[in-house]
Amino acid sequence: MLRITLFVISFFCFPLITQASSVTLQILGSGGPNDISGRASSGYLIWIDEESKIMIDAGSGTSLRFGEAGASMSDLAFIGISHLHTDHSIDLFSLIKRGYFSKRDTPLTIAGPSGNDHYVGFSTFVDNFLNSYDYLNHYNIEIKTIDASLPGKAQPVWSEGEIKVYSFAVEHADTPTLAYRIVTPKGDIVFMSDNNATAAGMDEFIKDANILVMHFPINEQEEESGQLFWHANPSKIGQVARKAQPKLLVLSHFMDLSLNDKSNSLNKVQASYKGPIILANDLVKISL
Ligand SMILES: [Zn+2]
Numbered sequence: 199m200l201r202i203t204l205f206v207i208s209f210f211c212f213p214l215i216t217q218a219s220s221v222t223l224q225i226l227g228s229g230g231p232n233d234i235s236g237r238a239s240s241g242y243l244i245w246i247d248e249e250s251k252i253m254i255d256a257g258s259g260t261s262l263r264f265g266e267a268g269a270s271m272s273d274l275a276f277i278g279i280s281h282l283h284t285d286h287s288i289d290l291f292s293l294i295k296r297g298y299f300s301k302r303d304t305p306l307t308i309a310g311p312s313g314n315d316h317y318v319g320f321s322t323f324v325d326n327f328l329n330s331y332d333y334l335n336h337y338n339i340e341i342k343t344i345d346a347s348l349p350g351k352a353q354p355v356w357s358e359g360e361i362k363v364y365s366f367a368v369e370h371a372d373t374p375t376l377a378y379r380i381v382t383p384k385g386d387i388v389f390m391s392d393n394n395a396t397a398a399g400m401d402e403f404i405k406d407a408n409i410l411v412m413h414f415p416i417n418e419q420e421e422e423s424g425q426l427f428w429h430a431n432p433s434k435i436g437q438v439a440r441k442a443q444p445k446l447l448v449l450s451h452f453m454d455l456s457l458n459d460k461s462n463s464l465n466k467v468q469a470s471y472k473g474p475i476i477l478a479n480d481l482v483k484i485s486l
């Protein structure tokens with residue numbers, strides 16, 4: 199009888215986890231590579247039922263923030279890296295080392311983009327680092343390299359129960375880059391990462407997100423000055439958000455150009471997009 203009772207309890211407890219009774223986005227890093235305001239670079243954590251389950255990007259400083267957030271490597275199941283620039287990826291290896299001090303029964307899935315003439319693919323990036331010496335090369339990880347040359351196509355990347363992660367190739371000058379959409383029973387969170395807002399099919403991928411995270415590193419003048427076309431300027435961000443109609447727009451990845459011209463830049467966004475906006479800060483939590 200006791201055995202049956204225990205079975206019934208565990209049977210009904212398990213679906214509670216996969217149904218995700220609470221989903222919370224926590225900003226780990228809201229800054230960029232030339233931060234001037236004490237922010238970590240790009241990184242986002244998704245708590246599902248109080249577990250630090252999913253992380254998107256692992257830029258410099260995010261491993262420190264991960265600890266400050268009280269997150270656990272044992273609970274972390276998936277890390278999606280948008281692209282290989284250090285402000286999005288370099289703390290991946292600090293996190294792997296952090297994981298050595300906690301128990302892991304199942305592999306940590308880590309995913310990132312395929313390469314091109316300028317960048318190695320994600321698995322080569324990870325292998326090159328981990329195989330450089332024996333020190334790190336024993337952690338239980340599964341590496342997924344996602345084709346970043348497939349514009350206009352959402353690709354399933356990872357799932358656990360009702361939580362699903364999709365990727366989408368975006369345009370970031372010469373750098374293979376992925377956006378991610380996290381689908382949960384409580385709603386969807388989309389991370390656009392660094393991109394210039396020209397990818398075909400992007401509007402469909404981000405449509406109706408509950409939270410849309412867009413990167414805000416430059417001011418309006420930067421693109422007009424003829425720099426490489428890496429980032430959407432504030433006006434473009436506003437136009438994208440107006441079409442997507444998220445329940446909340448989170449602006450993040452601030453750099454000196456956007457911070458020094460914040461109110462002007464924000465006005466440019468709001469010229470098109472009239473919905474709610476939050477300016478990200480490290481460790482801020484937003485519940486779905
Ligand atoms: Zn960046």
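Offset between the sequence shown (1-based) and this note's numbering: plus 198. Idealized CB from N, CA, C, for every residue including glycine.
In terms of Cβ geometry, F366 and F320 do not form a close pair [threshold 7 Å]. Residues I246, T382, K384, L486 of the same chain have their beta carbon placed closer than 6 Å to that of V221, with the five preceding and five following residues left out of the count. For D480, the shortest separation between its Cβ and any heavy atom of ligand 1 does not lie below 6 Å.
Cβ-Cβ distances below 7 Å link P305 to N338, I339, E340 in the same chain, with the five nearest sequence neighbours on each side left out; the list follows chain order. Around the beta carbon of L223, 16 or more other beta carbons lie within 10 angstroms, which makes this residue buried.
From the listed residues H336, R263, K362, the smallest Cα separation to G236 is found for R263. N314 counts as exposed, since fewer than 16 other C-beta atoms from the protein chains shown sit within 10 angstroms of its C-beta. In the structure shown, the three-state DSSP call for K295 is helix. Annotation for H283 indicates a beta carbon within 6 Å of some heavy atom of ligand 1. Note that the C-beta distance between S300 and M271 is below 7 Å. When only Cα atoms are considered, M390 and L446 end up about 14 Å apart. Across the set D401, S470, S450, F291, the C-alpha of D401 shows the shortest separation from the C-alpha of A442. A direct Cα-to-Cα measurement between Q437 and Y471 gives close to 7 Å.
By the Cβ test, the stretch 407-419 is in contact with the stretch 443-462, since at least three Cβ pairs between them sit closer than 8 Å. In the three-state reduction of the DSSP assignment, K351 falls in the coil class, being assigned neither a helical nor a strand state. The closest CA to that of K405, considering only N394, K342, D386, I416, is found on D386.
Taking C-beta atoms as the reference points, V363 and A377 fail to come closer than 7 Å. Sequence-distant partners of A397 (beyond 5 residues in either direction) whose C-beta falls short of 6 Å from its own C-beta, in its chain, are P349, V368, E369. Taking every protein chain shown into account, the CB of G227 has 16 or more other CB atoms within 10 angstroms, so this residue is buried. A straight-line Cα-Cα distance of about 6 Å links S261 and L293. The beta-carbon distance between G230 and F452, rounded to whole angstroms, is 7 Å. This is short enough to meet the 8 Å contact definition. Here F427 is not near S456, since their CB atoms are 7 Å or more apart. In this structure, DSSP gives L486 a state outside helix and strand, which the three-state scheme calls coil.
Excluding five sequence positions before and after N479, the CB atoms of its chain that fall closer than 6 Å to its own CB belong to S228, given in chain order. Rounded to the nearest whole angstrom, the C-alpha separation of G297 and A275 is 11 Å. Looking at the DSSP output, P311 bridges to I344.
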